[in-house]
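Under the numbering used here, the sequence shown has 65 at position 75, and the numbering climbs by one with no breaks. Idealized CB from N, CA, C, for every residue including glycine. Values in this document were obtained by computation on a predicted structure and should not be read as measured data. The next block holds one structure in the form of structure tokens; read it before the comments.
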Amino acid sequence: MKVAIYVRVSRIDLHPENQVLELKKYCEEKGYEIYKIYEDRISGIKENRPALNEMMEDAKQKKFDAVLIWKLDRLGRSLQHLVKVVGELDKYGVDLICKTQNIDTTTSGGKLLFHIFCAIAEFERDLISERTRAGLERARAEGKQIGRRKGQKDSKKRRTEGYILRYQKKPEIVKV
């Protein structure tokens, strides 16, 4: 089987070598041929990522049979984006293999596990949203200001004012 390896780290100063080494080793153990290693150094929240875009274009052209990733959150942080990417891969006839979470959509059990993980992730996201709404309602009931002050539309002015307020509140450093 010919696989594409996709690795991602959140920032430029981080290094994906650990992911790459483990995924190469996994390919050796399974007898997979590595087509190419796609590497992004960008937040997983961003849907538009250079290496991911290139990989999806290559998948569309059927240059490999499966995508191998370290963990689902390396492919995407947003549930909708993750499901969209995996749906497109499926449409192109490309499977997804996630090493650390034992997800392998080449098998029926792996497909089931992927959908279970997606359902749990969506449930968790809904719980976070419910807790946030409850916290906002409580803060409103206590009379706290939610959001920006009325009349504050200039974001640059708000940022400057926020900086000044934070700077003024900073305690002085006393040298001994």
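Nearest residue (CA-CA) to residue i, options the options
| i | options | result |
| --- | --- | --- |
| SER98 | ARG67, LYS(-8) and ASP85 | ASP85 |
| LYS61 | ALA129, ALA109 and PHE104 | PHE104 |
| VAL10 | ASP80, VAL(-1) and LYS20 | VAL(-1) |
| LEU4 | PHE107, THR96, ARG31 and GLN51 | ARG31 |
| PHE54 | ALA109, ASN8, TYR28 and ARG39 | TYR28 |
| CYS57 | ALA41, VAL(-7) and GLU120 | Before going further, note that residue 57 is Val rather than Cys in the sequence given. The candidate whose alpha carbon is nearest that of VAL57 is VAL(-7). |
| GLN51 | GLU23, CYS17 and GLU78 | GLU78 |
| ASP63 | GLN135, LEU13 and ILE35 | ILE35 |
| CYS88 | TYR16, GLU7 and PRO6 | TYR16 |
| ASN38 | LYS101, ARG67, LEU13 and LYS20 | ARG67 |
Expected contact under 8 Å - CB spacing of residue i and residue j to nearest Å
| i | j | result |
| --- | --- | --- |
| TYR(-4) | LEU65 | 6 Å |
Residues near residue i by beta carbon distance below 8 Å, same chain, minus five either side
| i | result |
| --- | --- |
| TYR25 | LYS(-8), VAL(-7), ALA(-6), ASP48, LYS53 and PHE54 |
| GLU44 | TYR28 |
Between the CA atoms of residue j and residue i - distance to the nearest angstrom
| i | j | result |
| --- | --- | --- |
| VAL75 | ALA109 | 16 Å |
| THR95 | GLY83 | 11 Å |
| ILE106 | ARG115 | 14 Å |
| ILE2 | MET46 | 22 Å |
| GLN91 | ILE59 | 10 Å |
| LEU102 | LYS134 | 45 Å |
| TYR22 | ALA131 | 59 Å |
| PRO6 | LYS14 | 12 Å |
| ILE93 | LYS20 | 15 Å |
| SER119 | GLU18 | 42 Å |
| ALA41 | GLY100 | 25 Å |
| ARG123 | ASP80 | 36 Å |
| ARG121 | ASN8 | 35 Å |
| LEU117 | GLU12 | 33 Å |
Residues bridged to residue i (per DSSP)
| i | result |
| --- | --- |
| GLU7 | DSSP, once it has assigned bridges, lists no residue as partnering GLU7. |
| ASP116 | In DSSP, ASP116 forms no bridge with anything. |
| ALA124 | Beta-bridge pairing links ALA124 to no other residue. |
| ASP94 | ILE87 |
| TYR28 | TYR(-4) |
Contacts around residue i, its chain only, beta-carbon distance under 6 Å, and the 5 residues preceding and following it disregarded
| i | result |
| --- | --- |
| GLU112 | LEU69 |
| VAL164 | Note that VAL164 has pLDDT 49, beneath the 50 cutoff, so the model's placement of it is unreliable and the number below is only indicative. Once the five neighbours on either side are set aside, VAL164 has no close Cβ partner at all. |
Close beta carbons around residue i, own chain, < 7 Å, minus the five adjacent residues each side
| i | result |
| --- | --- |
| VAL166 | For VAL166, the predicted structure reports a pLDDT of 49, less than 50, and the residue's modelled location is therefore unreliable. The matter cannot be settled from this model. |
| ILE136 | LEU126, ALA129 and ARG130 |
| SER33 | SER0 |
Below-9 Å beta-carbon distance, residue i vs any chain C residue
| i | result |
| --- | --- |
| LEU4 | In the structure shown, chain C does not exist; there is a single protein chain. |
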